[in-house]
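Residue numbers (this note's numbering), protein chains in the order written: chain A, 1 to 232; chain B, 233 to 464.
Number of protein chains: 2
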Amino acid sequence: MISVLLVGKGNVATHLHTAFLKTDAIAVTQISSRELKNIPKADLTIIAVSDDAIAEVSSKINNKFVVHTSGGCSINELKNQTRKGVFYMLQTFSKGKEVNFNEIPFCLEATNKKDQKLLDKVAKSIGKKRYEINSEQRKALHVAAVFVNNFTNHFYKIGNDICTEHHVPFEILHPLINETASKIASLSPEKAQTGPAVRKDSKTIKNHLDLLNKEQQKIYKIITKSIQNSID
Amino acid sequence: MISVLLVGKGNVATHLHTAFLKTDAIAVTQISSRELKNIPKADLTIIAVSDDAIAEVSSKINNKFVVHTSGGCSINELKNQTRKGVFYMLQTFSKGKEVNFNEIPFCLEATNKKDQKLLDKVAKSIGKKRYEINSEQRKALHVAAVFVNNFTNHFYKIGNDICTEHHVPFEILHPLINETASKIASLSPEKAQTGPAVRKDSKTIKNHLDLLNKEQQKIYKIITKSIQNSID
Chain A
1 MISVLLVGKG NVATHLHTAF LKTDAIAVTQ ISSRELKNIP KADLTIIAVS DDAIAEVSSK
61 INNKFVVHTS GGCSINELKN QTRKGVFYML QTFSKGKEVN FNEIPFCLEA TNKKDQKLLD
121 KVAKSIGKKR YEINSEQRKA LHVAAVFVNN FTNHFYKIGN DICTEHHVPF EILHPLINET
181 ASKIASLSPE KAQTGPAVRK DSKTIKNHLD LLNKEQQKIY KIITKSIQNS ID
Chain B
233 MISVLLVGKG NVATHLHTAF LKTDAIAVTQ ISSRELKNIP KADLTIIAVS DDAIAEVSSK
293 INNKFVVHTS GGCSINELKN QTRKGVFYML QTFSKGKEVN FNEIPFCLEA TNKKDQKLLD
353 KVAKSIGKKR YEINSEQRKA LHVAAVFVNN FTNHFYKIGN DICTEHHVPF EILHPLINET
413 ASKIASLSPE KAQTGPAVRK DSKTIKNHLD LLNKEQQKIY KIITKSIQNS ID
């Protein structure tokens with residue numbers, strides 16, 4: 001049995017706590033990052049707090065092996081005195097929405113093989129997909145995630161805005177959104193690309209621009225150009 | 233039983249043909265747009281050809297009720313002499329990939345109630361989601377579709393490029409891509425937004441920009457700004 005101490009009370013910590021409670025392989029304790037006076041001992045201490053708080057919180061913890069859960073921070077952000085690591089789950093966590101841990105990629109980093117193995121064992125107890133990812137790789141993943149998640153979601157918002165303005169229900173676009181996402185599993189995004197930009201269909205592009213506001217036009221032009229650059 | 237003539241041999245025509253063959257409500261015939269000499273009569277003639285060919289092909293058809301399947305063209309693109317309409321399915325069709333017609337939104341337009349009803353009946357025989365959409369609304373949908381499909385797919389490509397450059401498997405991002413898409417069913421894109429742009433986390437944004445090439449930086453900055461404008 002591996003003892004795990006969870007520090008934090010946010011979305012990530014809460015979802016992890018629920019998952020660990022369900023497995024016999026883990027004995028889990030959860031504390032708030034505001035109550036760091038009597039810290040329970042544990043084989044693994046997982047700090048699931050905001051990026052800005054990692055340094056301070058970790059500096060107050062004397063447990064042997066401390067990891068954070070942040071995609072945006074290097075392993076060196078940890079200021080504990082002993083062994084360090086990262087336990088990053090690449091997924092968006094929403095309050096109240098159940099998480100299927102079998103679908104979540106665990107990106108694991110440690111400074112020695114034994115610790116790496118321990119993280120792998122802990123991840124395996126609640127999930128399936130585990131990857132050994134160093135801080136440089138994780139940084140790249142984090143940026144890529146901004147494009148495929150935040151920026152993509154912003155295009156959903158622009159799509160929604162256009163529909164609202166022209167009195168069309170946005171739900172008509174839901175199946176297309178899902179199909180675009182699921183296509184990626186069997187087709188590279190390069191091969192999956194369709195539409196007026198890749199066809200260099202300047203008549204349709206002009207028609208589309210006529211319908212957009214200034215900011216939307218600017219984005220439409222830049223992405224169209226970038227798509228066309230990528231196939232030249 | 234409704235008789236349907238399909239003109240065209242591309243992806244849309246082929247998928248429609250397969251679907252119509254399965255239902256007893258429709259008697260379907262398919263011809264190529266290159267063999268327009270002896271055109272079979274039909275209650276409904278569906279022209280599924282490229283946008284550029286709609287005018288010419290429709291001008292050669294004397295059947296009573298002729299529709300096209302294009303999201304990008306107005307109903308007036310049809311040059312037949314009698315009744316006109318549009319039978320637009322908002323989805324990406326790939327060769328060889330089976331289509332679930334129950335998930336496809338049919339955007340239907342006609343110039344009178346009887347024709348509208350006929351289109352609805354035909355769509356209902358192979359699918360579920362039917363919408364009455366006029367040419368102006370369809371134009372807006374078509375632009376919105378470019379954002380949520382083509383442009384989103386381009387962000388998948390950029391994510392893929394970043395991963396390849398930093399030796400991380402792109403598949404790690406697949407679950408996030410799917411979750412981002414499926415979130416939209418229960419949460420508006422505005423409320424679903426997360427990440428450094430909406431948090432105005434300038435430290436993370438700077439870190440991200442350092443890792444990108446010039447074109448990626450340009451796109452990153454513009455979309456970040458657009459996200460921040462949208463919440464001000």
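Note that CB positions come from ideal geometry on N, CA and C, so glycine has one too.
For Ala197(A), the residues of chain B that pass the 9 Å Cβ criterion are Val378, Asn382, Phe383 and His386, in the order they occur in the chain.
At a beta-carbon threshold of 7 Å, the residues of chain B lying near Thr194(A) are Thr324 and Asn382, ordered along the chain. Nearest to Glu288(B) by alpha-carbon distance, out of Phe297(B), Asn392(B), Lys269(B) and Glu309(B), is Glu309(B).
Residue environment for His167(A): exposed (fewer than 16 other C-beta atoms within 10 angstroms of its C-beta).
The C-beta separation of Gln228(A) from Ala192(A) comes to about 16 Å, leaving the pair out of contact by the 8 Å criterion. Contact of Gln217(A) with chain B is not assigned, every C-beta pair being separated by 8 Å or more. In terms of beta-carbon proximity, Ile463(B) stays away from the interface with chain A, with every pair separated by 8 Å or more. Pairing His247(B) with Gly240(B), the inter-Cα distance amounts to about 11 Å. Contact note: Ser182(A) reaches chain B through Asn410, using a C-beta cutoff of 7 Å and chain order. Here Ala185(A) carries a coil assignment [DSSP, helix/strand/coil]. With three or more CB-CB distances shorter than 8 Å, the region 37-52 of chain A counts as touching the region 66-80 of chain A.
In this structure the region 262-273 of chain B does not lie against the region 198-215 of chain A, because fewer than three pairs of beta carbons, one per stretch, are closer than 8 Å.
The three-state reading of DSSP puts Arg362(B) in strand, counting E and B together. Residue environment: Ala25(A) is assigned as exposed (fewer than 16 neighbouring CB atoms within 10 Å of its CB, all protein chains considered). Taking 9 Å as the Cβ-Cβ cut-off, the region 392-405 of chain B approaches chain A at Asn392, Asp393, Ile394, Cys395, Glu397, His398, His399, Val400, Pro401, Phe402, Glu403, Ile404 and Leu405, given in chain order. Secondary structure within the region 301-371 of chain B: the alpha helix (DSSP H) runs of 4 or more consecutive residues, fully enclosed, are 345-358 (chain order).
Residue pairing of Ser235(B) in beta bridges, as defined by DSSP: Ala259(B).
Note on Gln137(A): 16 or more other CB atoms within 10 angstroms of its CB, so buried under the neighbour-count rule.
Chain B places no beta carbon closer than 8 Å to that of Tyr88(A), leaving this residue out of the contacts.
With a contact defined as Cβ atoms closer than 8 Å, Ile75(A) and Lys84(A) qualify at about 5 Å. With a threshold of 8 Å between beta carbons, Glu103(A) makes contact with chain B.
Comparing alpha carbon positions, the residue from Glu103(A), His154(A) and Asp120(A) closest to Phe379(B) is His154(A). Looking at the DSSP output, Val66(A) bridges to Thr45(A) and Lys84(A). Of all alpha-carbon atoms in Ile234(B), Ile455(B), Lys415(B) and Lys345(B), the one lying nearest the alpha-carbon of Lys95(A) is that of Lys415(B). Identification of chain A residues near Glu341(B) by a Cβ-Cβ cut-off of 9 Å yields none; the smallest Cβ-Cβ distance measures about 12 Å. C-alpha of Leu108(A) to C-alpha of Gly359(B): approximately 45 Å in a straight line. Thr436(B) has a beta carbon lying within less than 8 Å of a beta carbon in chain A. Between the alpha carbons of Glu411(B) and Thr111(A) lies a distance of about 31 Å.
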